[in-house]
Amino acid sequence: MSRTAEGALILAAAMLGSFGVALVNIASRQAIGDDVALTFFVMITAFGALHAAVRRWAPNGSPYLIPLAALLTAVGLSEIYRLNPAMASLQKWWLLIGAGLGILALWGLSSGGTQLLRRYRYIMLLSALGLLVLPLLPQRWPLPIRGLAVNGSRLWVSIDLGVIQMRFQPGEIVKLLIVGFLASFLAERHEALAMRTRKFGPFELPEPRQMIPILVAWFASFGVMIYQRDLGASLLLFSTFIAMMYVATARNTYLVVGGGLFTLGSVAAWSAFTHVQTRLEAWLVPFEHYETTGYQISNGIFAMASGSLSGTGLGLGRPSLIAFAPTDFIFAAVGEELGLVGSVLILAIYALMVSVGMGIALRSRDLFRKLLAAGLTFSFGLQSLLIIGGIVRLFPLTGITLPFMSYGGSSLVSNLVLVALLVQISHEERV
Amino acid sequence: MTEFILAILKLIFIALLFLFVWQIARAIGSHLGGFERRKRIKAGSEIVFVRSENQSGLDFTVEDVVVVGRSDQADVFLDDSYASEFHMRFSSIDGALVIQDLGSTNGTYVNGRRIATPVGLSKGDAVQVGKTVMEVR
Chain A
295 MSRTAEGALI
305 LAAAMLGSFG
315 VALVNIASRQ
325 AIGDDVALTF
335 FVMITAFGAL
345 HAAVRRWAPN
355 GSPYLIPLAA
365 LLTAVGLSEI
375 YRLNPAMASL
385 QKWWLLIGAG
395 LGILALWGLS
405 SGGTQLLRRY
415 RYIMLLSALG
425 LLVLPLLPQR
435 WPLPIRGLAV
445 NGSRLWVSID
455 LGVIQMRFQP
465 GEIVKLLIVG
475 FLASFLAERH
485 EALAMRTRKF
495 GPFELPEPRQ
505 MIPILVAWFA
515 SFGVMIYQRD
525 LGASLLLFST
535 FIAMMYVATA
545 RNTYLVVGGG
555 LFTLGSVAAW
565 SAFTHVQTRL
575 EAWLVPFEHY
585 ETTGYQISNG
595 IFAMASGSLS
605 GTGLGLGRPS
615 LIAFAPTDFI
625 FAAVGEELGL
635 VGSVLILAIY
645 ALMVSVGMGI
655 ALRSRDLFRK
665 LLAAGLTFSF
675 GLQSLLIIGG
685 IVRLFPLTGI
695 TLPFMSYGGS
705 SLVSNLVLVA
715 LLVQISHEER
725 V
Chain B
58 MTEFILAILK
68 LIFIALLFLF
78 VWQIARAIGS
88 HLGGFERRKR
98 IKAGSEIVFV
108 RSENQSGLDF
118 TVEDVVVVGR
128 SDQADVFLDD
138 SYASEFHMRF
148 SSIDGALVIQ
158 DLGSTNGTYV
168 NGRRIATPVG
178 LSKGDAVQVG
188 KTVMEVR
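Protein chains in written order, with my numbering: chain A, 295 to 725; chain B, 58 to 194.
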């Protein structure tokens, strides 16, 4: 597919976004409003600019990722607009900011390449750790930067400068930084970590000191869960680490040990923390807790069930009955209004994006780029899988966002940067 | 009446979404190559070395996939010091001949233009690698 085809598809995605908004308008008041044109304008500006930046600085990059991301954003924006028009206008700003940062990343890496990131490994690690503890800042103190707990999770940071007040979830950016650090770290240490030493029957165990990094990662993600009550981020962090170890060393020992530690951690968390037990109950028997903890999951299921095969149509269902639909349950809202057909389509888009990302990792000859592409793609795919799986009750629900679709600035911005990085990697590998 | 129109519009919306994803899925499939191994419509295209230091006049046919390069393991050996080990790949997809550069150092030129993505070829097109020129017959 050529760059021109990529541009045409981005145009098509922007048109589909405004088509979706138009459908919502017609359904609610039989007339088309200004938001239709505005949605088109914002989408074509954001993704068009990103496309132009790719043409300028990464002309050999993969042409598939940005149109797919644009389509997810188009469907997401239509559904957010349908649920809450005010949130949709905020999301448009975040989209522009995210595209801007994506362009900045492409520009910044245009001369030195992604290898530039390799040098700043410990800066990335330190800023990731710093961002992780930011939400633990006191909620009331004189400094303008404060921690914030929303719905029982200590994930937010609020910045209050008098004129501007904003809040963000540093966890989303931490994901990118950790993947960057690990790619750089493992690219150098993979040989030591891949050495096989002791054999116990079918398993090859590495030296005990080689297990230190894996234990550190385990404790770190456990800490995230205890202090921030964030199951999703903790699971994402640990799994991404294990996956990257596996990519770097090709030793299934790490998968076995990682799986074991994960089971151990889950059982420990379940027996020690009530909020974990509540999550598990709401997952297994949501209807028995319909009035309280199972309310959100139950309503998500009702929504998807009433959507049936082809959905009620945009603006014609009642997805606002689901609690936190624009942030956590956007997939259920899409399932209601575009039906099974629409949900399957969304899954197909994520599957395509993951396959393109993994393809970039497979074709990379440089280990650092390979690890970076694999880690970014893995965390992107796992995050989508966890939240969608939580909504359809495949897994316990975790409060993480659905990339490109959920309402949320931090998520949209970090995922646009993630896609820009993948495009940059694929460009470098083809030069 | 509005309900009917909205139902139709909804279906159009979903159909367009599918069309979009289908376009990309198909492009990814042909990019990876080998996915679309359906029956061949014609026997294959012939490619002739028209200008080369040592290989002028030689030819080969592309029936499925042919990798050309300076390596012994390439399907067709390319005797040119500017060529990479595995320089490029010709593939026959549904009777259409497609050329793809395999990340070569010095690039592949089709009718004088360096290619970055897979390009469809037709009769008479000239493919240049280093000092070697091939033509599609």
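The C-beta atom is built at its ideal place from N, Cα and C for all residues, glycine as well.
Note down the Cα distance separating residue i from residue j, rounded to an integer number of angstroms.
i, j, result
"L310/A", "G465/A", "31 Å"
"V318/A", "G526/A", "32 Å"
"L359/A", "M295/A", "12 Å"
"R724/A", "N354/A", "6 Å"
"P175/B", "I156/B", "6 Å"
"G301/A", "L410/A", "28 Å"
"L135/B", "D158/B", "14 Å"
"R116/B", "L646/A", "Note that residue 116/B is Asp in the sequence shown, not Arg. Going by the C-alpha atoms only, they are around 38 Å apart."
"L195/B", "L470/A", "The structure shown has nothing for residue 195/B, since chain B only spans 58 to 194."
"A563/A", "A617/A", "26 Å"
"L403/A", "R350/A", "12 Å"
"D137/B", "G653/A", "30 Å"
"L676/A", "I682/A", "10 Å"
In its own chain, which residues sit with a C-beta less than 6 Å from the C-beta of residue i, not counting the 5 before and 5 after it?
i, result
"D171/B", "A small correction: the amino acid at residue 171/B is Arg; Asp does not occupy that position in the sequence shown. Around R171/B: G164."
"P436/A", "none"
"A552/A", "The amino acid occupying residue 552/A in the given sequence is Gly; Ala does not appear at that position. Closer than 6 Å at the Cβ level, and outside the excluded window around G552/A, lie I536."
"G629/A", "M598, G601 and S637"
"V190/B", "V107, R108 and A183"
"A308/A", "F334, M337 and I338"
"V124/B", "A131, D132, F143 and R146"
"K386/A", "V336"
"L661/A", "A481"
"L632/A", "G605"
"E103/B", "D116, T118 and R194"
"S161/B", "S141 and H144"
Could you tell me which chain B residues have their CB closer than 9 Å to the CB of residue i, listed as they occur along the chain?
i, result
"M699/A", "Within chain B, no residue comes near M699/A; the closest Cβ sits about 13 Å away, beyond 9 Å."
"A307/A", "F77"
In chain A, which residues lie with their C-beta within 7 Å of the C-beta of residue i?
i, result
"G169/B", "Near G169/B there are no residues of chain A at all, since even the closest Cβ is about 17 Å away, more than 7 Å."
"L66/B", "L317"
Compare the beta carbon distance of residue i and residue j with 7 Å and say whether it is the shorter of the two.
i, j, result
"L634/A", "L603/A", "yes"
"A321/A", "L63/B", "yes"
"G396/A", "L344/A", "yes"
"V726/A", "T333/A", "This structure cannot settle anything about residue 726/A, because the visible part of chain A is limited to 295 through 725."
"S141/B", "G126/B", "yes"
"I472/A", "G594/A", "no"
"I719/A", "R663/A", "yes"
"L670/A", "L712/A", "yes"
"L377/A", "P620/A", "yes"
"L449/A", "Q463/A", "yes"
"F313/A", "F70/B", "yes"
"A516/A", "G559/A", "Correcting the residue identity first, residue 516/A is Phe in this sequence and not Ala. Result yes, Cβ atoms of F516/A and G559/A sit closer than 7 Å."
"Y701/A", "I374/A", "yes"
If you drop the 5 nearest sequence neighbours on each side, which residues of the same chain put their C-beta closer than 7 Å to that of residue i?
i, result
"L68/B", "none"
"G114/B", "F106"
"F479/A", "R415"
"I467/A", "L425, S704 and S708"
"R657/A", "E723"
"T587/A", "T572, E575 and A576"
"I304/A", "F341, G342, H345, I360, P361 and A364"
Who are the neighbours of residue i on chain A, taking C-beta pairs under 9 Å?
i, result
"F143/B", "The premise fails here: F143/B is roughly 12 Å from chain A at the closest Cβ pair, so nothing lies under 9 Å."
"G160/B", "R657, R659, E723, R724 and V725"
The ligand PLP heavy atoms versus the CB of residue i: any closer than 6 Å?
i, result
"E60/B", "No copy of the ligand PLP appears in this structure; indeed no ligand is present at all."
Could you work out which residues of chain B lie near residue i, taking near to mean beta carbons separated by less than 7 Å?
i, result
"V635/A", "I71"
"V650/A", "I85"
"A321/A", "L63"
"I726/A", "Within the shown structure, residues of chain A are numbered from 295 to 725, placing residue 726/A beyond reach of any answer."
Residue i touches chain B at which residues, Cβ-Cβ below 8 Å?
i, result
"L646/A", "V78, I81, A82 and I85"
In chain order, what residues of the same chain have a beta carbon less than 8 Å from the beta carbon of residue i, not counting five sequence neighbours either side?
i, result
"L680/A", "G526, L529, L530, F689, T692 and I694"
"V717/A", "V348, A352, G355, S356, L359, I360 and L400"
"H484/A", "A542, T543 and L661"
"H583/A", "E575, A576 and Y589"
May I ask which residues mark the beginning and end of the beta strand (DSSP E) holding residue i?
i, result
"R246/A", "The requested residue 246/A is not part of the displayed model; chain A covers only 295 to 725."
"Q590/A", "Unbroken run through Q590/A is the alpha helix (DSSP H), Y589 to G601; no beta strand (DSSP E)."
"E192/B", "T189 to V193"
"F147/B", "M145 to I150"
"T162/B", "No beta strand (DSSP E) holds T162/B; DSSP gives it neither H nor E."
"F117/B", "D116 to V119"
"A183/B", "A183 to V186"
In the DSSP assignment, the alpha helix (DSSP H) including residue i goes from what residue to what residue?
i, result
"Q385/A", "P379 to G406"
"G126/B", "Here G126/B belongs to no alpha helix (DSSP H); instead the beta strand (DSSP E) covers V122 to G126."
"G342/A", "D328 to W351"
"L430/A", "Taken as a continuous stretch (DSSP letters only), L430/A belongs to no alpha helix (DSSP H), as it is neither H nor E."
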